[in-house]
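Let me begin by presenting the structure, written as structure tokens, before commenting on it.
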Amino acid sequence: MTHMDGLLEWSAIFAGSHPLLSGQPAPPVVAPQERVPLTAARDLPEVPAVPLDQIGIWSNAQGVEATVFISGGITLARLEPTGIVLVEPRVFADHRGQFFETFHAEKFAVAGIPSHFVQDNHSLSYRHVLRGLHYQIQKAQGKLIRAIRGEVFDVAVDLRRASATFGRWFGTLLSAENRRMMYLPPGFAHGFCAYSAEAEVAYKCTDLYAPQFERTLLWNDPAVRIPWPVKEPIMAEKDLHGRLLADAECFE
């Protein structure tokens, strides 16, 4: 698959022609890299009240909007009422290269991102590898995720039963090129699919890995309806046998 073929496939997915989205309202047909950047929110009147499709977030949830914060030049869009935050750093570029902050406790705090992270993880995945959807039923982890090489379709599913978006998915494209990060509060299952030949993902966690509490939500649960951009992903055996939402342990 060429990069252009991939963009056409994504256009079909978000136009609603993908079978998992049949009958569901779809955002406008725009290739991912053509979507309005987060920084454009600075020019929008009456912030907050930014539709999700304007900041490159896709979801099957209803009634969710983004509150946009500008903090020290960093743009943070918090999805209300989920607590998910999409971050676009301020990039300093000159003849030597580039520099940007990937975490700043005070600047990130304005959007509700915690300052205490206790574990950093780094993974390498090849094209069409799908990891997830993982969560810890105890010692639940908040995660701050970014792609440092290549690009991934990054997805979170709300597993908090008391949440207005319980069972709904939220997805975005994270890449080394767009430098975006996504923060997921505890209570979400998380996964991603590598969309480039190789993709490296790094993420910070608010609690330590606890394998005895690890659970897996089935990646293609028809009740969740995630429009993954690959039909036959490469997966770990345990991820292939994740639980359906109806049978999964969730957060009360």
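So the sequence shown is numbered by my numbering: it starts at 138 and just counts up by one.
Glycine included, each C-beta is placed from N, C-alpha and C at the ideal position.
- Straight-line spacing of the CA atoms in Arg305 and His232 works out to 44 Å.
- Taking every protein chain shown into account, the CB of Lys368 has fewer than 16 other CB atoms within 10 angstroms, so this residue is exposed.
- Non-local C-beta neighbours of Pro251 in its own chain, meaning closer than 8 Å and more than five positions away in sequence, comprise Gly279, Thr343, ordered along the chain.
- Between the C-alpha atoms of Ile211 and Trp356 there is a straight-line separation of about 32 Å.
- Each of His259, Ile207, Leu267, Glu389 was checked against the Cα of Phe325, and the nearest Cα belongs to Glu389.
- Thr239 and Ala334 have their alpha carbons spaced roughly 24 Å apart.
- Beta-bridge pairing by DSSP links Arg286 to Glu337.
- The Cβ neighbour count for Gln273, taken over all protein chains shown within 10 Å, is at least 16; the residue is labelled buried.
- For Lys368, the secondary structure class from DSSP, reduced to helix, strand or coil, is coil.
- Burial check for Phe206: the Cβ neighbour count within 10 Å reaches 16 or more, so the residue is buried.
- By the neighbour-count definition (other C-beta atoms within 10 Å, threshold 16), Asp295 is a buried residue.
- In the pairwise beta carbon analysis, the stretch 255 to 275 is classified as touching the stretch 363 to 378: at least three pairs are separated by under 8 Å.
- In terms of Cα proximity to Glu386, the closest of Leu354, Pro366, Pro348, Ala284 is Leu354.
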